[in-house]
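Trainee:
Chains as they are written, first to last, in the working numbering: chain U, -3 to 371; chain V, 22 to 107.
Written out as structure tokens, the structure reads:
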């Protein structure tokens, strides 16, 4: 029995069974799940809402390209959009790259889209300032937040003494929660200066996480550039509000023997960089992974090419979608909480904990009273 | 020469993607263990002192998100490997 199990185990790990990566690129549309998923979670110069058998309903966003020497070019991305499959074989300027059928689109004014990137036909540098799908979604969700919170604020100004009603009463508990549980607890007495930033971060991430789950939406917070910007902002707020005590903790951590300082100082300095970096990767990976899982479940139906898979696949997909709703608000909360903790660490005043810890005695109900026994 | 031959065979049989897949599974295992432990300890603590359950729940969620962040670092690495080689 043991020998049989060992044989089975060896067969399972035999590397020859690992299949070769598929070439793809057949003339008919073989369903390529990897390409479909990457297209859905990535950025694009056009906003593709949905496709029926004959029509692709797409909004063509403007392309804004700057080439040194030729200046600024602004035009609709429709001119660079890949044409329908019929025109492809006849047009001489099209090539099918090996491995997945990525087209190089038609060129316009010396520019073309190769795998969603704007390149020039002669290889000269081009700076892409286009309004891509993510930028359009960013503008849209920022406008939504602006309108919503201006409305709530003006409502509060109008109904000074009365109880809040409507939209205010949905958002008031959240704002109070962020003020009491996150800002006051982590930052301390100076929390009011940082409330605008914390509230913006929380609602921005939460709204964009939720909007990204809707059909036809842009995966904004799953874009590493967006999360990088948020992390850099957190780093900037932390560094600009840091006081001497913070830098003393980095370069001369109290309670550390002098011999260990050459190890501690590089670790602390790297820690300054790693903390926003982890904020960035945590948010990006959580959201993108959720989208990939949902898309993979749906594409199972197309891989097996059978409608019998649909109930199972949809049930799992629905479950993961509901889980993603929880992840949306949890990731917003975690980002905000960690930002508040880093800011709190930067503005902390010096505590005389070590020398005077015996001065206060904790009573049975948690209150502190002066210790009569201390000197 | 033997090394380049071995590397060619490894590339052709898709060993890198195979390794990435195994890696992603191991990451899931690690994250499951970590978060399961935290959850278990949190359950015990709530059982001992039900009044503190609010604080314990909050702390449990924070730690679970931190562990998950670490797991997702590794998942991103595995995804990069498998998508770069296709």
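Positions of the beta carbon are idealized from the N, C-alpha and C atoms, including for glycine.
Treat the numbers as computed from the prediction; the structure is a model and nothing was measured.
Since I believe residue 62 of chain U is in contact with residue 123 of chain U (beta carbons under 8 Å), could you give me their beta-carbon distance rounded to a whole number of angstroms?
Mentor: Within the first chain, residue 123 of chain U is the residue found at index 127, counting from 1. Within the first chain, residue 62 of chain U is the residue found at index 66, counting from 1. 4 Å between Cβ atoms; contact.
Trainee: Does the stretch 317 to 333 of chain U come close enough to the stretch 197 to 215 of chain U to have 3 or more Cβ pairs within less than 8 Å?
Mentor: yes
Trainee: Say whether chain V places a C-beta atom closer than 8 Å to the C-beta of residue 208 of chain U.
Mentor: Indexing the first chain from 1 puts residue 208 of chain U at position 212. Look at residue 208 of chain U: its C-beta is not under 8 Å from any C-beta on chain V.
Trainee: Determine, using beta carbons only, whether residue 109 of chain U and residue 76 of chain U come nearer to each other than 8 Å.
Mentor: As a first step, residue 109 of chain U must be located in the first chain, where it is residue number 113. As a first step, residue 76 of chain U must be located in the first chain, where it is residue number 80. The answer is yes: Cβ separation under 8 Å.
Trainee: Going by other Cβ atoms of all chains shown within 10 Å of its Cβ, with 16 needed for buried, is residue 380 of chain U buried or exposed?
Mentor: Given a span of -3 to 371 for chain U in the structure shown, any question on residue 380 of chain U remains unanswerable.
Trainee: State yes or no: is the beta carbon of residue 5 of chain U nearer than 8 Å to at least one beta carbon in chain V?
Mentor: The residue you call residue 5 of chain U lines up with position 9 of the first chain. Answer no: the Cβ-Cβ gap between residue 5 of chain U and chain V never drops below 8 Å.
Trainee: Between the stretch 181 to 205 of chain U and chain V, which residues of the former have CB atoms less than 9 Å from a CB of the latter, in chain order?
Mentor: Listed by position, the residues of the stretch 181 to 205 of chain U near chain V (Cβ gap below 9 Å) amount to none.
Trainee: Step through the CB atoms of chain U and report whether any lies within less than 8 Å of the CB of residue 55 of chain V.
Mentor: Translated into the one-based positions of the second chain, residue 55 of chain V becomes position 34. Not an interface residue.
Trainee: Compare the beta carbon distance of residue 56 of chain V and residue 85 of chain V with 8 Å and say whether it is the shorter of the two.
Mentor: Residue mapping note: residue 56 of chain V aligns to position 35 of the second chain, counting from 1. Residue mapping note: residue 85 of chain V aligns to position 64 of the second chain, counting from 1. A contact, by the Cβ cut-off of 8 Å.
Trainee: For chain V, check one thing: does any of its Cβ atoms lie closer than 8 Å to the Cβ of residue 330 of chain U?
Mentor: Indexing the first chain from 1 puts residue 330 of chain U at position 334. Closer than 8 Å to some Cβ of chain V, the Cβ of residue 330 of chain U qualifies, so yes.
Trainee: Which residues of the stretch 268 to 289 of chain U have a Cβ closer than 7 Å to any Cβ of chain V? Give them in chain order.
Mentor: Answer set for the stretch 268 to 289 of chain U: 274, 277, 278, 281, 282, 285.
Trainee: When DSSP builds the beta bridges, which residues end up paired with residue 243 of chain U?
Mentor: Stepping through the first chain from its first residue, residue 243 of chain U is reached at position 247. Its beta-bridge partners do not exist; DSSP assigns none.
Trainee: With a threshold of 8 Å between beta-carbons, can residue 326 of chain U be considered close to chain V, or not?
Mentor: Walking along the first chain from the start, residue 326 of chain U turns up at place 330. Judged by the 8 Å Cβ criterion, residue 326 of chain U is in contact with chain V.
Trainee: If contacts are defined as beta-carbon pairs under 8 Å, then residue 29 of chain U and residue 295 of chain U qualify, I think. What distance do you get, rounded to the angstrom?
Mentor: Counting from 1 along the first chain, the entry for residue 29 of chain U is found at position 33. Counting from 1 along the first chain, the entry for residue 295 of chain U is found at position 299. Indeed, because the Cβ distance is near 4 Å, the residues count as touching under 8 Å.
Trainee: Does residue 238 of chain U come out as helix, strand or coil in the three-state DSSP assignment?
Mentor: Mapped onto the first chain, residue 238 of chain U falls at position 242. Correct three-state label for residue 238 of chain U: coil.
Trainee: I need the DSSP call for residue 345 of chain U, collapsed to helix, strand or coil.
Mentor: Taking the first chain and counting its residues from 1, the one referred to as residue 345 of chain U is at position 349. Of the three classes helix, strand and coil, the one that applies to residue 345 of chain U here is coil, per DSSP.
Trainee: How many angstroms separate the CA atom of residue 333 of chain U from the CA atom of residue 41 of chain U?
Mentor: Against the first chain, residue 333 of chain U aligns to sequence position 337. Against the first chain, residue 41 of chain U aligns to sequence position 45. Their backbone Cα atoms lie some 34 Å apart in a straight line.
Trainee: What residues in its chain sit with their C-beta under 7 Å from that of residue 231 of chain U, if we drop five residues either side in the sequence?
Mentor: Stepping through the first chain from its first residue, residue 231 of chain U is reached at position 235. Same-chain partners within the cutoff: 272.
Trainee: Got a sec? Which residues, its chain only, sit under 7 Å from residue 223 of chain U by beta carbon, not counting five neighbours each side?
Mentor: Position 227 of the first chain, counting from 1, holds the residue named residue 223 of chain U. Cβ within range, chain order: 217, 276, 279, 280.
Trainee: Excluding the 5 residues flanking residue 293 of chain U on each side, which residues of the same chain have their C-beta closer than 6 Å to its C-beta?
Mentor: Numbered from its first residue, the first chain carries residue 293 of chain U at position 297. Cβ within range, chain order: 309, 312, 313.
Trainee: By how many angstroms is the C-alpha of residue 96 of chain V removed from the C-alpha of residue 168 of chain U?
Mentor: If you number the first chain from 1, residue 168 of chain U lands on position 172. If you number the second chain from 1, residue 96 of chain V lands on position 75. Their backbone Cα atoms lie some 37 Å apart in a straight line.
Trainee: From residue 317 of chain U to residue 175 of chain U, what does the alpha carbon distance come to, in whole angstroms?
Mentor: Locating residue 317 of chain U in the first chain gives position 321, counting from the first residue. Locating residue 175 of chain U in the first chain gives position 179, counting from the first residue. Cα-Cα distance, rounded: 29 Å.
Trainee: Output needed for residue 249 of chain U: all residues of its chain with C-beta closer than 6 Å, excluding positions within five of it in sequence on either side, in chain order.
Mentor: Locating residue 249 of chain U in the first chain gives position 253, where the first residue counts as 1. 260, listed in sequence order.
Trainee: Restricting to Cα atoms, I'd like to know which of V:25, V:32, V:38, V:23 is closest to residue 101 of chain V.
Mentor: As a working note, residue 101 of chain V is residue 80 in the second chain. Checked all of V:25, V:32, V:38, V:23; the closest Cα to residue 101 of chain V is V:38.
Trainee: Taking the continuous beta strand (DSSP E) assigned at residue 54 of chain U, which residues delimit it?
Mentor: Taking the first residue of the first chain as 1, we reach residue 54 of chain U at position 58. Residues 52 to 56.
Trainee: In chain order, what residues of the same chain have a beta carbon less than 7 Å from the beta carbon of residue 81 of chain V, not counting five sequence neighbours either side?
Mentor: The residue labelled residue 81 of chain V in the question sits at position 60 within the second chain. These residues qualify, in order along the chain: 59, 60, 63.
Trainee: Using the three-state DSSP reduction, which class does residue 110 of chain U fall into: helix, strand or coil?
Mentor: In the first chain, counting from the first residue as 1, residue 110 of chain U sits at position 114. Three-state result, residue 110 of chain U: strand.
Trainee: The beta strand (DSSP E) that contains residue 70 of chain U, what's its start and end?
Mentor: What you label residue 70 of chain U is simply residue 74 of the first chain in a count that begins at 1. It spans 67 to 72 - the beta strand (DSSP E) in which residue 70 of chain U sits, taken as one unbroken run.
Trainee: 8 Å is my cut-off, CB to CB: does residue 30 of chain U come that close to chain V?
Mentor: If you number the first chain from 1, residue 30 of chain U lands on position 34. Closer than 8 Å: yes.
Trainee: Rounded to the nearest angstrom, what separates residue 86 of chain U and residue 68 of chain U at their Cα positions?
Mentor: Position 90 of the first chain, counted from the start, is the residue given in the question as residue 86 of chain U. Position 72 of the first chain, counted from the start, is the residue given in the question as residue 68 of chain U. Low confidence applies here, because residue 86 of chain U scores a pLDDT of 39, under 50, leaving its location unreliable; read the following figure in that light. If I take the Cα positions, the gap works out to 31 Å.
Trainee: Should residue 103 of chain V be labelled buried (16 or more other beta-carbon atoms within 10 Å of its own) or exposed?
Mentor: By one-based count along the second chain, residue 103 of chain V stands at place 82. Buried, by the Cβ-count rule.
Trainee: Less than 8 Å between the C-beta atoms of residue 184 of chain U and residue 341 of chain U, yes or no?
Mentor: Translated into positions along the first chain, residue 184 of chain U becomes position 188. Translated into positions along the first chain, residue 341 of chain U becomes position 345. Against a cut-off of 8 Å, the Cβ pair of residue 341 of chain U and residue 184 of chain U comes out as no contact.
Trainee: Based on Cα-Cα distance, which residue from U:111, U:0, U:186, U:149 lies nearest to residue 239 of chain U?
Mentor: Walking along the first chain from the start, residue 239 of chain U turns up at place 243. For the residues U:111, U:0, U:186, U:149, the minimum Cα distance to residue 239 of chain U belongs to U:186.
Trainee: Look at residue 336 of chain U and residue 132 of chain U and say whether their C-beta atoms are less than 8 Å apart.
Mentor: As a working mapping, residue 336 of chain U is identified with position 340 in the first chain. As a working mapping, residue 132 of chain U is identified with position 136 in the first chain. Contact flag unset, no.
Trainee: What residue from U:143, U:287, U:265 has the CA that sits closest to residue 163 of chain U's CA?
Mentor: Here residue 163 of chain U corresponds to residue number 167 of the first chain, with the count starting at 1. Residue U:143 is the option with its Cα nearest to residue 163 of chain U.
Trainee: Going straight from the alpha carbon of residue 32 of chain V to that of residue 40 of chain V, what length do you get?
Mentor: The residue you call residue 32 of chain V lines up with position 11 of the second chain. The residue you call residue 40 of chain V lines up with position 19 of the second chain. Whole-angstrom Cα-Cα distance: 11 Å.
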